[in-house]
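Sequential numbering of the sequence shown, starting at 6, is according to my numbering.
Virtual Cβ for every residue (Gly too), placed ideally from N, Cα, C.
Data block below; observations after.
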Amino acid sequence: MKVRAIRWQTLAPMVVAAWSLAAGATEPAATAPTVAAPAVTAPDLDAPQFAIPTTSDRVGRVVAAVYIGEQGPLRFILDTGANRSALAERTVRNLGLVPGGQAMVHGITGSAVMPTVEVGQLRAGELTYPGQRLAVLPDTVFAGADGILGIDVVQHARIDVDFANDQVSVRRSGARALGDRVVVPARLSRGGLLLIQGKVGRVRVKAIIDTGAERSLGNEALRKALAVREKDWFGGEATKVVGATAQVAEGYAFVAPTVALGGDANVDNLAVTFGDFHVFRIWSLLDEPALVIGMDALGTLPGFSVDYPRRRFLLKLGGPAPPLAGS
């Protein structure tokens, strides 16, 4: 079959990577249009507000419109790697909320005790959640957003992201699946993480789809396995990694061998930062090769979906990825 490649620019400006269907995989058949659930759409088409793609000068993000009680819409970053939702300190002040507890918060690089706040109701798309307790994090974590939408909220939902049309929809999983996406089977574990069986070169890995991670990350077990099995794998540069807590971690960024996800999708020339990161310890993924697929890669697809109840990651194909900045 003819392979359709979806190309993107990663964080490293000179590294160009490409998504493609694996040999033997088939594209989904076209389907008749269906009535979709209301989608979050940005009013300014020249400046994406919700489905923000990755370009040569920025890492993309996925933002959902959220209501706290009757107040909103607020802009929450969708984070499939966070086990709980959170509010920015600024948002807590603006909503007149008073923190009344504490919780341990784990980030990529470390952990910290943070205040929490109780909200009477949280609504995102089609779903409403009463009596939610949210962590309160420093404003610097959010880059202007109002909060984080974590697994505790979206574990019962399907998230549809369309970068071409700047749309993010939060739906019930029973809604009809979109017909322009290739299904990659996944499973839920480690507190609700979406895990996909894959390979990096010839090394088997557990791949985590993490829409809250700016860059793709590999653990030390994967780095060591690649050093043994991929003889021509070399290069890289030292880098620093920061997360939701104050700790800063050291890492090395390399262009990894081809990443195969679920047997249905391949990623070539993906820049991966390897290190002994705290998050792999929390996820109990220190001793086996593991890879976090971050927004540096996900943000260059035309779109994708995450369906938690059905345990599926769906890649949108068809048409080019959003243009690189300045092109």
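Keeping to the same chain, check which residues put their C-beta closer than 6 Å to that of R80; ignore five residues upstream and five downstream.
-> V68, A150, D151
Pick from V205, K229, V71 that is closest to V173, judged by C-alpha positions | V71
How big is the Cα-Cα spacing for D273 and F168?
-> 21 Å
Mind checking which residues open and close the beta strand (DSSP E) that includes E94?
-> No beta strand (DSSP E) holds E94; the alpha helix (DSSP H) holding it covers 94-100.
Answer with buried or exposed for R186, where buried requires no fewer than 16 other C-beta atoms within 10 angstroms of its C-beta.
-> buried
Exposed unless 16 or more other CB atoms sit within 10 angstroms - verdict on A91 = buried
Residue from F282, L83, L139 whose Cα sits closest to the Cα of T335 = This structure gives no information on residue 335, because the portion of the chain shown stretches from 6 to 332.
Can you tell which of E293, L83, P58, G130 has its C-alpha closest to the C-alpha of G217?
-> L83
Which residue from G74, P190, A162, I201 puts its Cα closest to that of G314?
-> It is worth fixing the name first, because residue 314 is Pro in this sequence and not Gly. Checking every option, the nearest Cα to that of P314 belongs to A162.
Could you please give me the residues that DSSP links to S310 through a beta bridge?
-> D165, L319
Comparing alpha-carbon positions, which option in G101, M119, L100, N99 lies nearest Q107?
-> M119
9 Å Cβ cutoff met for V110 and R138 | no
Assign V103 to one of two classes, buried (16 or more other C-beta atoms within 10 Å of its C-beta) or exposed (fewer than that).
-> exposed
Run the CB neighbour count on D292, radius 10 Å, all protein chains shown included, and call it buried at 16 or more, exposed below.
-> exposed
Coil, strand or helix - A254 by DSSP | strand
Where does I113 sit, in a helix, a strand or coil, going by DSSP?
-> coil
Looking only at its own chain, which residues have a Cβ that is under 6 Å from the Cβ of V284, when we skip the five neighbours before and after it?
-> I113
V71 - DSSP class collapsed to helix/strand/coil = strand
By Cβ distance, which residues of its chain are closer than 8 Å to L209, with the 5 residues on each side in sequence left out?
-> The identity of residue 209 in the sequence shown is Arg, whereas the question assumes Leu. Excluding positions up to five away in sequence, the list reads Q202, G203, P294.
Can you say whether V253 is buried or exposed, counting buried as having 16 or more other CB atoms within 10 angstroms of its CB?
-> exposed
What number of angstroms, rounded off, separates the C-alpha of Y134 from the C-alpha of K229?
-> 43 Å
Once you ignore the five residues that flank I287 on each side, which residues in its own chain have a CB closer than 6 Å to its CB?
-> H111
Of all the options E242, A226, A93, which has the alpha carbon lying nearest to the alpha carbon of D144?
-> A93
Through-space distance from V122 to S221, alpha-carbon basis = 31 Å
Can I214 and V64 be called in contact, C-beta distance under 9 Å?
-> no
For the alpha helix (DSSP H) that contains L303, what are its first and last residues?
-> 300-303
How far does the alpha helix (DSSP H) with F285 in it reach, from first residue to last?
-> 283-287
Look at I164 and A87 and say whether their C-beta atoms are less than 9 Å apart.
-> no
To the nearest whole angstrom, what separates the beta carbons of V175 and A129, a pair I think is in contact under 8 Å?
-> 5 Å
Which listed residue (D269, V166, V146, G206) has its alpha carbon closest to that of T305 = V166
Any idea what DSSP makes of T145, helix, strand or coil?
-> helix
Whole alpha helix (DSSP H) runs in the segment 191-241 with 4 or more residues, listed along the chain?
-> 225-234
How would you write the range of the alpha helix (DSSP H) that V158 sits in, first residue to last?
-> 156-159
Might you give, ordered along the chain, the residues of its own chain that have their beta carbon closer than 6 Å to the beta carbon of A261, omitting 5 neighbours on each side?
-> V205, L275, V277
Indicate whether A212 and L200 have their beta-carbon atoms separated by less than 9 Å.
-> yes
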